[in-house]
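S.K.: Sharing a structure here in structure tokens format.
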Amino acid sequence: MSATADTPAPAEPDGIRVVGARENNLKDVSLTIPKNKITVFTGVSGSGKSSIVFDTVGVEAQRQLNGTFPAFIRNQLPKYERPRADAIENLSAPVIVDQKPVGGNARSTVGTMTDIYSMIRALFARHGSPTDGLVSTYSFNDPKGMCPECDGLGQSVRADVDLMLDKAKSLNEGAIRLPNYGVGTPDWQLYANSGKLDPDKRLGDYTPEEWQLLLHGSGFKVQLNVKSGSYKTNYEGVVDRFTRLGVKRDLSAVSERTREAIQRFITEGPCTACDGARLNPAALATKVDGRNIADWSRMQISDLIEVLAAIDDPVATPIATAARTALERVAAIGLGYLSLDRATATLSGGESQRLKLVRHLGSTLTGMTYIFDEPSVGLHPRDVGRLNDLLRALRDQGNTVLVVEHDPDVIAIADHVVDVGPRAGAHGGEIVYEGTVAGLRTADTRTGEGLRRATRGKDSFRTPSGALPIRNATLHNLKDVSVDIPTGVLTAVTGVAGSGKSTLIADVFTAAHPEAVFVDQSAIAASSRSTPATYLGLMDPVRTLFAKTTGAAAGLFSFNSEGACGDCQGRGVIITELAYMDPVTTHCDSCDGRRFKDEVLAHKLRGKSIADVLELSAEDAVTFFTEAPLRRKLRGLIDVGLDYLSLGQPLSTLSGGERQRIKLATQLNTTGTVYVLDEPTTGLHMSDVDTLLTLIDGLVDKGNTVIVIEHNLDVIQQADWIIDLGPDGGRDGGEIIFTGTPTDLLTTANSLTADHLRQYRATHTTDPIPVG
Numbered sequence: 011m012s013a014t015a016d017t018p019a020p021a022e023p024d025g026i027r028v029v030g031a032r033e034n035n036l037k038d039v040s041l042t043i044p045k046n047k048i049t050v051f052t053g054v055s056g057s058g059k060s061s062i063v064f065d066t067v068g069v070e071a072q073r074q075l076n077g078t079f080p081a082f083i084r085n086q087l088p089k090y091e092r093p094r095a096d097a098i099e100n101l102s103a104p105v106i107v108d109q110k111p112v113g114g115n116a117r118s119t120v121g122t123m124t125d126i127y128s129m130i131r132a133l134f135a136r137h138g139s140p141t142d143g144l145v146s147t148y149s150f151n152d153p154k155g156m157c158p159e160c161d162g163l164g165q166s167v168r169a170d171v172d173l174m175l176d177k178a179k180s181l182n183e184g185a186i187r188l189p190n191y192g193v194g195t196p197d198w199q200l201y202a203n204s205g206k207l208d209p210d211k212r213l214g215d216y217t218p219e220e221w222q223l224l225l226h227g228s229g230f231k232v233q234l235n236v237k238s239g240s241y242k243t244n245y246e247g248v249v250d251r252f253t254r255l256g257v258k259r260d261l262s263a264v265s266e267r268t269r270e271a272i273q274r275f276i277t278e279g280p281c282t283a284c285d286g287a288r289l290n291p292a293a294l295a296t297k298v299d300g301r302n303i304a305d306w307s308r309m310q311i312s313d314l315i316e317v318l319a320a321i322d323d324p325v326a327t328p329i330a331t332a333a334r335t336a337l338e339r340v341a342a343i344g345l346g347y348l349s350l351d352r353a354t355a356t357l358s359g360g361e362s363q364r365l366k367l368v369r370h371l372g373s374t375l376t377g378m379t380y381i382f383d384e385p386s387v388g389l390h391p392r393d394v395g396r397l398n399d400l401l402r403a404l405r406d407q408g409n410t411v412l413v414v415e416h417d418p419d420v421i422a423i424a425d426h427v428v429d430v431g432p433r434a435g436a437h438g439g440e441i442v443y444e445g446t447v448a449g450l451r452t453a454d455t456r457t458g459e460g461l462r463r464a465t466r467g468k469d470s471f472r473t474p475s476g477a478l479p480i481r482n483a484t485l486h487n488l489k490d491v492s493v494d495i496p497t498g499v500l501t502a503v504t505g506v507a508g509s510g511k512s513t514l515i516a517d518v519f520t521a522a523h524p525e526a527v528f529v530d531q532s533a534i535a536a537s538s539r540s541t542p543a544t545y546l547g548l549m550d551p552v553r554t555l556f557a558k559t560t561g562a563a564a565g566l567f568s569f570n571s572e573g574a575c576g577d578c579q580g581r582g583v584i585i586t587e588l589a590y591m592d593p594v595t596t597h598c599d600s601c602d603g604r605r606f607k608d609e610v611l612a613h614k615l616r617g618k619s620i621a622d623v624l625e626l627s628a629e630d631a632v633t634f635f636t637e638a639p640l641r642r643k644l645r646g647l648i649d650v651g652l653d654y655l656s657l658g659q660p661l662s663t664l665s666g667g668e669r670q671r672i673k674l675a676t677q678l679n680t681t682g683t684v685y686v687l688d689e690p691t692t693g694l695h696m697s698d699v700d701t702l703l704t705l706i707d708g709l710v711d712k713g714n715t716v717i718v719i720e721h722n723l724d725v726i727q728q729a730d731w732i733i734d735l736g737p738d739g740g741r742d743g744g745e746i747i748f749t750g751t752p753t754d755l756l757t758t759a760n761s762l763t764a765d766h767l768r769q770y771r772a773t774h775t776t777d778p779i780p781v782g
């Protein structure tokens, strides 16, 4: 371990001690983390920050805490293996606030996740009119309150009559489009032989009574003629019959072909019975100040705070005050534009993390260890200041706060900094600096260089070759937005969280222009068997090369198939599950962790076994392989700054930034000419942002169009064109407040993005800054 510092104060004796940490790429790391302070861990993506904070300190703290519970309880909790370290001491109970999407099922909302909806339900039970006084009456997850039609989901899947039937045709002309309802079939005869419907009459000419009979009729029998004879069966309207046999059928139990045939004729939308409110008529009948509980749930949180503040009632005021306090915490972290009925599955990673944080802000616990994974992700520079206030509040309450972060504004509030590096992957895993923020700014590390470097905006901008239009967009909070996206240039779409950026580009633009290559932030498959080689589609051609060279079967060179080590089944480790105890993972001695049988490793390609090849970094592999298709895919990894990744490294060990970039690497060789990147700087170190900008500039210089949804000011000022949304989030957003070059943006008033770009340029460059 190497370290430099500006004569930091001696570590506190009761600090968290880590000795000899060797998780992932860590190289026997030892350090002491001060308690009751904010410690920020910095370093390039993949340097080992998360391996220290989450995989070593966080995991061991959780493991020891779970060990205090009785055996029965422990068996119900997640099981953690002891991290690879000589000692991890002086831990306190952990609260881990990561970026993993909240997810949840269709019943999980912002209101249920934060428990604020429970307070609102209590308020309606005590203060609403009419009311039966039962809180459960207003729960869409309780049979007493849920809508009976959609079971409290607010959405319903139903047969689409316009897709099922052709009103321009008669029954004899094949008006029923459903499979197996062709003219002459038994299903068709149910209607044509009913005696109550004219098979030669166009469906569009049916009377209301005939139409009702066709769709929903019942109560009589119809004779059907088949090869073996004839029989009578009960008449059932075509919609009711399809709903019973198709819509309400367990589609997982039918073939994919049948499932696809059924899904062609069904649509999903708001429940027609409750109009998406999730609740039954009795619950929706209760009002407070003229609004029912569904109206309250649909309101923007910032508006709901005002409604609660106006309640003046001896019984209801205490409940309203508690709910308002909780909602104010949500607004304080920049999420006032959300509503309580927003499904958690639709939240971004940054929104999810901040909502998790809200759950702890009202706690009076002290002596905890709070661990955050890049909490600034998805935040406009305006909102980073709010985040910093919350981190300080947690520390001042008597807690230890550990933060993995790249944002200079978050790094600036640290009491102690640990910089990990010097680079990433095998070239990282060491402590290169410990001390104060001031000392880091002068340190000879990539983070130090990034903090003290000057920045400069573009002097000239590319000329667009054309435009891609968006017209009259009204989705979510967009207010009849029309804008042209210039082609052949780099466009940055900016604005605070909730201003409508993602709605405008990720939803509206990509729907209007499906030819665009969209690289979003959704997770990629990352099991212990997924690797960069499998994700990039390298393994099949590599196995074929080995087979052609050695004469052996291609399947022999797969650790997921016949070539796998018999003892570890191709995992490289042996996992032993023990009842009521943590699973034990041990190195596989049979294959020495290389996943393959010995006889497989005897086969060589250009002097290397298949295991040797998987241990190559992308940088080394591009020189090892002479085949153009393989080199092209490997070049994509290098272009996105992942040259240090080994081909066989499990994707489950990659950081968030690395996963985002490997996803981008798969898109670089597509034939699409319009690229849409959703916050591509997520998880990137300051130095990695330069690599990304070089990549993007290369794409544009080749004649492509690149659109980035971004908060990063370095990226924004290097764009050719800016589209700024706002002026704020939620109801107060959804408008285009500026279009033009970054230079023009600097002279614009009433733009939060312009305000922060001016501040950034004032502190990072000597260029004259225009005043808006």
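If you're matching positions, the sequence shown starts at 11 in this note's numbering and goes up one per residue.
For every residue, glycine included, the Cβ atom is placed at its ideal position computed from N, Cα and C.
Within 10 angstroms of its Cβ, does residue 115 collect 16 or more other Cβ (buried), or is it exposed?
M.R.: Flag for residue 115 reads exposed.
S.K.: For a test of the three-state rule: what should DSSP assign to residue 116, helix, strand or coil?
M.R.: coil
S.K.: Is residue 390 near residue 762, with beta carbons less than 9 Å apart?
M.R.: yes
S.K.: Using only CA atoms, which one of 421, 420 and 444 lies nearest to residue 431?
M.R.: 444
S.K.: What is the DSSP secondary structure of residue 685, counted as helix, strand or coil?
M.R.: strand
S.K.: Would you call the stretch 141 to 158 and the stretch 385 to 402 in contact, with 3 or more CB pairs under 8 Å?
M.R.: No, they do not touch.
S.K.: For residue 418, which residues of its own chain have a beta-carbon under 7 Å away from its beta-carbon, when the five flanking residues on both sides are left out?
M.R.: 461
S.K.: Is any heavy atom of the ligand COA found at a distance shorter than 8 Å from the C-beta of residue 308?
M.R.: The model depicted lacks the ligand COA and carries no ligand whatsoever.
S.K.: Based on the DSSP output, what are the partners of residue 168 in its beta bridges?
M.R.: 277
S.K.: When you compare only the Cα positions, how much space is there between residue 684 and residue 522?
M.R.: 12 Å
S.K.: Going by DSSP in three states, residue 500 sits in which element: helix, strand or coil?
M.R.: strand
S.K.: Which residues in the same chain as residue 519 place their Cβ atom closer than 8 Å to its Cβ, once the five residues preceding and following it in sequence are excluded?
M.R.: Non-local beta-carbon contacts of residue 519 in its own chain, meaning distances under 8 Å to residues more than five positions away in sequence, involve 478, 480, 495, 526, 686 and 717 in chain order.
S.K.: Find out if the Cβ-Cβ distance for the pair residue 688, residue 516 is shorter than 9 Å.
M.R.: yes
S.K.: Indicate the three-state DSSP secondary structure (helix, strand or coil) for residue 565 in the structure shown.
M.R.: Helix.
S.K.: Nearest to residue 555 by CA position, among 493, 635 and 529, is which residue?
M.R.: Nearest of 493, 635 and 529 to residue 555, Cα basis: 635.
S.K.: So what's residue 242 in DSSP terms, helix, strand or just coil?
M.R.: strand
S.K.: If you follow the beta strand (DSSP E) that residue 388 is part of, which residue opens it and which one closes it?
M.R.: It is not in any beta strand (DSSP E) - residue 388 carries neither H nor E in the DSSP assignment.
S.K.: Within 10 Å of its beta-carbon, does residue 210 have 16 or more other beta-carbons around it, so buried, or fewer, so exposed?
M.R.: exposed
S.K.: Taking only three categories from DSSP, how would you classify residue 335?
M.R.: helix
S.K.: Quick check on residue 241: buried or exposed, where buried means 16 or more other Cβ atoms within 10 Å of its Cβ?
M.R.: exposed
S.K.: Please report how far the alpha carbon of residue 571 lies from the alpha carbon of residue 440, in whole angstroms.
M.R.: 36 Å
S.K.: Quick check on residue 355: does DSSP put it in helix, strand or coil?
M.R.: In the structure shown, residue 355 adopts helical secondary structure according to DSSP, grouped into three states.
S.K.: Give the C-beta separation of residue 560 and residue 613 to the nearest angstrom, bearing in mind that I take them to be a contact with Cβ-Cβ under 8 Å.
M.R.: Residue 560 to residue 613, Cβ: 4 Å. Contact.
S.K.: Count the other CB atoms within 10 Å of the CB of residue 768; is the residue buried (16 or more) or exposed (fewer)?
M.R.: buried
S.K.: By the 10 Å Cβ neighbour count, where 16 or more other Cβ atoms means buried, how is residue 262 classified, buried or exposed?
M.R.: Unreliable positioning characterises residue 262 in this predicted model, as indicated by a pLDDT of 49, which lies under 50. The coordinate reading is nonetheless provided below. Exposed: under 16 other Cβ atoms inside 10 Å.
S.K.: Report the rounded CA-to-CA distance for residue 645 versus residue 446, giving the unit in angstroms.
M.R.: 38 Å
S.K.: Who are the Cβ neighbours of residue 201 in its own chain at under 7 Å, not counting the five residues just before and after it?
M.R.: Taken in chain order, the residues that qualify are 181, 207, 224 and 248.
S.K.: Would you call the CB atoms of residue 400 and residue 367 closer than 9 Å?
M.R.: yes
S.K.: Output yes or no for whether 9 Å exceeds the beta carbon distance between residue 382 and residue 407.
M.R.: Against a cut-off of 9 Å, the Cβ pair of residue 407 and residue 382 comes out as no contact.
S.K.: Give every residue of the same chain whose Cβ lies closer than 7 Å to the Cβ of residue 227, excluding the five residues on either side of it in the sequence, and list them in chain order.
M.R.: 245 and 247
S.K.: Mapping DSSP to helix, strand and coil, what is residue 262?
M.R.: Bear in mind that the predicted position of residue 262 carries a pLDDT of just 49, short of 50, making it too unreliable to give a figure here.
S.K.: Compute the beta-carbon to beta-carbon distance between residue 867 and residue 529, rounded to the nearest angstrom, for a pair I have assumed lies under 8 Å.
M.R.: Residue 867 lies beyond the stretch modelled for the chain, which goes from 11 to 782, so this question has no answer here.
S.K.: Determine the direct distance from the alpha carbon of residue 289 to that of residue 156, and round the result to whole angstroms.
M.R.: 4 Å
S.K.: Assign residue 110 to one of three DSSP states: helix, strand, or coil.
M.R.: In the three-state reduction of the DSSP assignment, residue 110 falls in the coil class.
S.K.: At 3 residues or longer, and completely inside the stretch 165 to 208: list those beta strand (DSSP E) runs for me, N to C.
M.R.: 165 to 169
S.K.: For residue 450, which residues of its own chain have a beta-carbon under 7 Å away from its beta-carbon, when the five flanking residues on both sides are left out?
M.R.: These residues qualify, in order along the chain: 427, 429, 443, 457, 458 and 461.
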